[in-house]
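Engineer: 3 is the number of the first residue of the sequence shown in the numbering used here; add one for each residue after it. Ideal Cβ placement from N, Cα and C applies to all residues, glycine included. Take a look at the following structure, please.
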Amino acid sequence: MLTDAEIEAYRRDGYVIPAGFRLGSGELETLRSAVEQVLRDNPAIEPDRVINPHLDRGRPYRLRGHRTFHDIVHDDRILDIAESVVGPDLVLLFTHLFCKTPR
Numbered sequence: 003m004l005t006d007a008e009i010e011a012y013r014r015d016g017y018v019i020p021a022g023f024r025l026g027s028g029e030l031e032t033l034r035s036a037v038e039q040v041l042r043d044n045p046a047i048e049p050d051r052v053i054n055p056h057l058d059r060g061r062p063y064r065l066r067g068h069r070t071f072h073d074i075v076h077d078d079r080i081l082d083i084a085e086s087v088v089g090p091d092l093v094l095l096f097t098h099l100f101c102k103t104p105r
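Given below as structure tokens:
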């Protein structure tokens, strides 16, 4: 849950970094591994075009996704933060990985 000051910062700046929330090192490693797995499993898809990795065989590219992304967008801690600024009626439209690989 965000504080009143954090909600005001979000409304003013368009983003907020919640003071009371951090993913643990294990959670970050799980996400990192999931990103690497999705990139390995989908070599025909450019890394900056990985859309809907929370779905297996997600449209539009028939991507082979990873359950980790589904789990993170449904994490109650993250949903509580989102609900603080947009209310309780949330719908997941899509997910997108922004991957910048070395060139």
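Thinking C-beta only, is residue 32 closer than 7 Å to residue 71?
Structural biologist: No; because the gap between Cβ atoms is not below 7 Å, this pair is not in contact.
Engineer: Please list, in chain order, all residues of the same chain as residue 108 whose beta carbon is under 7 Å from its beta carbon, the five residues on each side excluded.
Structural biologist: An answer regarding residue 108 cannot be provided, because it is not within the stretch 3 to 105 covered by the chain.
Engineer: Less than 7 Å between the beta carbons of residue 67 and residue 57, yes or no?
Structural biologist: Yes, the Cβ-Cβ distance between residue 67 and residue 57 is below 7 Å.
Engineer: State the Cα-Cα distance for the pair residue 20 and residue 13, rounded to the nearest angstrom.
Structural biologist: C-alpha separation (whole angstroms): 13 Å.
Engineer: In its own chain, which residues sit with a C-beta less than 8 Å from the C-beta of residue 27, not counting the 5 before and 5 after it?
Structural biologist: Same-chain partners within the cutoff: there are none.
Engineer: Rank 89, 16, 6, 39 by C-alpha distance to the C-alpha of residue 99 and give the top, closest one.
Structural biologist: It is 39 whose Cα lies nearest to the Cα of residue 99.
Engineer: Report the rounded CA-to-CA distance for residue 49 versus residue 69, giving the unit in angstroms.
Structural biologist: Approximately 18 Å, taken between the alpha carbons.
Engineer: Write down the C-beta distance between residue 65 and residue 74 rounded to the nearest angstrom, noting that I regard them as a contact closer than 8 Å.
Structural biologist: Rounded, the Cβ-Cβ distance is 16 Å, inconsistent with contact.
Engineer: Can you say whether residue 84 is buried or exposed, counting buried as having 16 or more other CB atoms within 10 angstroms of its CB?
Structural biologist: Residue 84 should be labelled exposed.
Engineer: Do you know offhand how far residue 43's Cα is from residue 24's?
Structural biologist: Cα-Cα distance, rounded: 28 Å.
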